[in-house]
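Position one of the sequence shown corresponds to residue 19 (this note's numbering), numbered consecutively onward.
Every residue, glycine too, gets a C-beta built ideally from N, C-alpha and C.
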Amino acid sequence: MNWISAGFLMFGCSVAQYLLIRRSIVLKIPSQFTNFAMFIVPLVLYIGMAVSTQTDLSVSWYEFFILVILAVFFSYMGNAISLKSIEYAPNPGYSLVISKSYVVFTSIASIFLFNSSLTIRSALAIILLVVCSAIISINKKGTVSPSHVRPIWLPLSIGAFFCWGMLALFSKYLLDIGVPIISRLVYVAAIVSVLNYADMKKENVSITRLSKENIVLFVAIGILCVGVNYYMQLGYAIAPNVGYVNAVNAASIAFVSIGASVFFHDEWNMRKFIGVIGVIAGLILLVL
Numbered sequence: 019m020n021w022i023s024a025g026f027l028m029f030g031c032s033v034a035q036y037l038l039i040r041r042s043i044v045l046k047i048p049s050q051f052t053n054f055a056m057f058i059v060p061l062v063l064y065i066g067m068a069v070s071t072q073t074d075l076s077v078s079w080y081e082f083f084i085l086v087i088l089a090v091f092f093s094y095m096g097n098a099i100s101l102k103s104i105e106y107a108p109n110p111g112y113s114l115v116i117s118k119s120y121v122v123f124t125s126i127a128s129i130f131l132f133n134s135s136l137t138i139r140s141a142l143a144i145i146l147l148v149v150c151s152a153i154i155s156i157n158k159k160g161t162v163s164p165s166h167v168r169p170i171w172l173p174l175s176i177g178a179f180f181c182w183g184m185l186a187l188f189s190k191y192l193l194d195i196g197v198p199i200i201s202r203l204v205y206v207a208a209i210v211s212v213l214n215y216a217d218m219k220k221e222n223v224s225i226t227r228l229s230k231e232n233i234v235l236f237v238a239i240g241i242l243c244v245g246v247n248y249y250m251q252l253g254y255a256i257a258p259n260v261g262y263v264n265a266v267n268a269a270s271i272a273f274v275s276i277g278a279s280v281f282f283h284d285e286w287n288m289r290k291f292i293g294v295i296g297v298i299a300g301l302i303l304l305v306l
């Protein structure tokens, strides 16, 4: 399998996952459940994959230290501050545009850290993807009440930018020093699951409150998360530059927008249509 195949398998899982998350919002399922589903269900499946492939889960103390940093500061905290930034921003799209731009950071950083390649064509494709994703993300109807806007949204979105970027770079580093994909996924999922469960206990949110339909949704989101994370890591391992994989991931927002319009009747207009066309053009330019 090449990085393009891995990237588009990740892309498909990501689109389906976010549409199911959108469904969970419509059903008014507390976000703590969704966050927990994205780690606890994958943890079970990762352990099963480790057993079936006889993957050695042992790591050195140094590798475990890096895994803890990655899980706590870049995965768990990155998600937390990103959600807060979206909540406090004058428009959710503003926050998403800044945080999703980490693809540019990882593309450039990989050149110096991992001797990765970055062609002019690929750089132009990444810029096109980021700009067109911004066109899609920023929605006038998404503007929140001025009373909810807080200036801290900007530093929070920048913090999310660096969290997502460092998550990608540290993941690539762990792969380069020999930590298997499954091992990394098991440890991170386990650590973040514990932190998310603690959040649920703190908010007095019990999983027993979920209906049968919600449990099915809970499990489906978790299964798709496995596909996103596994193929993302595989892409990191074999792509010329981790930024290419991140660019494909960021582009998924275009097709989530289409799906949300079809299934949930979200706003669709000429601006978003142009943005989607631009994203498709950027993807073609990136993989050619």
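- Task: Just the C-alpha distance for Ala186 and Gly25, rounded to the nearest angstrom, thanks.
- Result: Position 168 of the sequence shown, counted from the start, is the residue given in the question as residue 186. Position 7 of the sequence shown, counted from the start, is the residue given in the question as residue 25. Looking at the two C-alpha atoms, the distance is approximately 14 angstroms.
- Does the Cβ of Met184 have 16 or more other Cβ atoms within 10 Å, making it buried, or fewer, making it exposed? Reading the sequence shown from its first residue, position 166 is the one you call residue 184. With 16 or more Cβ atoms within 10 Å of its Cβ, Met184 is classed as buried.
- Item | Whole-angstrom distance between Ile145 and Leu192, CA atom to CA atom | Here the question's residue 192 lines up with position 174 in the sequence shown. Here the question's residue 145 lines up with position 127 in the sequence shown. The straight-line gap from Cα to Cα measures roughly 27 angstroms.
- Pairwise C-alpha distance: Trp182 and Gly96: Here residue 96 refers to the residue found at position 78 when the sequence shown is read from its first residue. Here residue 182 refers to the residue found at position 164 when the sequence shown is read from its first residue. Cα-Cα distance, rounded: 7 angstroms.
- Message: On the CB-based measure, 16 or more other CB atoms within 10 Å of its CB, does Leu142 come out buried or exposed?
- Response: Position 124 of the sequence shown, counted from the first residue, corresponds to residue 142. With fewer than 16 Cβ atoms within 10 Å of its Cβ, Leu142 is classed as exposed.
- Query: Which whole runs of the beta strand (DSSP E) in the segment 160-201 are 3 residues long or more, in chain order?
  - Reply: Complete beta strand (DSSP E) runs here, min 3: none at all.
- Message: Given a cut-off of 9 angstroms on the beta-carbon distance, is the pair Val90 and Lys118 in contact?
- Response: Residue 90 sits at position 72 when you count from the first residue of the sequence shown. Residue 118 sits at position 100 when you count from the first residue of the sequence shown. Going by C-beta atoms, Val90 is not nearer than 9 angstroms to Lys118.
- Message: Looking at Ser32: is its Cβ nearer than 9 angstroms to the Cβ of Leu301?
- Response: Looking up residue 32 in the sequence shown gives position 14. Looking up residue 301 in the sequence shown gives position 283. Not a contact, by the Cβ cut-off of 9 angstroms.
- Query: To the nearest angstrom, how far is it from the Cα of Val305 to the Cα of Tyr64?
  - Reply: Reading the sequence shown from its first residue, position 287 is the one you call residue 305. Reading the sequence shown from its first residue, position 46 is the one you call residue 64. Roughly 29 angstroms separates the two Cα atoms.
- Closest by C-alpha distance to Val244, when choosing among Val59, Ala208 and Lys230: By 1-based counting over the sequence shown, the position of residue 244 is 226. Selected option, being the one with the closest Cα: Val59.
- Message: Please classify Ala152 as buried or exposed, where buried requires at least 16 neighbouring CB atoms within 10 angstroms.
- Response: Position 134 of the sequence shown, counted from the start, is the residue given in the question as residue 152. Per the 10 Å Cβ criterion, buried.
- Task: Under 8 angstroms by Cβ, that's how I've got Gly293 and Cys150 pegged, so tell me the actual separation to the nearest angstrom.
- Result: The residue labelled residue 293 in the question sits at position 275 within the sequence shown. The residue labelled residue 150 in the question sits at position 132 within the sequence shown. About 5 angstroms separates the two Cβ atoms, so the contact holds.
- Message: Tell me the rounded alpha-carbon separation between Ala278 and Ser76.
- Response: Here residue 278 refers to the residue found at position 260 of the sequence shown. Here residue 76 refers to the residue found at position 58 of the sequence shown. One C-alpha to the other measures close to 42 angstroms.
- Looking at C-alpha atoms only, which residue of Phe29, Tyr94, Ala68 and Met28 is the closest neighbour of Val204? As a first step, residue 204 is located in the sequence shown; it is residue number 186 there, counting from the start. If we check each option's Cα against that of Val204, Ala68 comes out closest.
- Query: First and last residue of the alpha helix (DSSP H) that includes Ile99?
  - Reply: Mapped onto the sequence shown, residue 99 falls at position 81. Residues Met95 to Tyr106.
- Message: Can you look up Ser270 in the DSSP assignment and give me helix, strand or coil?
- Response: Here residue 270 is taken as the residue at index 252 of the sequence shown, counted from 1. When secondary structure is reduced to three states using DSSP, Ser270 falls in the helix class.
- In chain order, what residues of the same chain have a beta carbon less than 6 angstroms from the beta carbon of Phe123, not counting five sequence neighbours either side? Start at 1 with the first residue of the sequence shown, and residue 123 comes out as number 105. So the list reads Gly183, once near-sequence residues are dropped.
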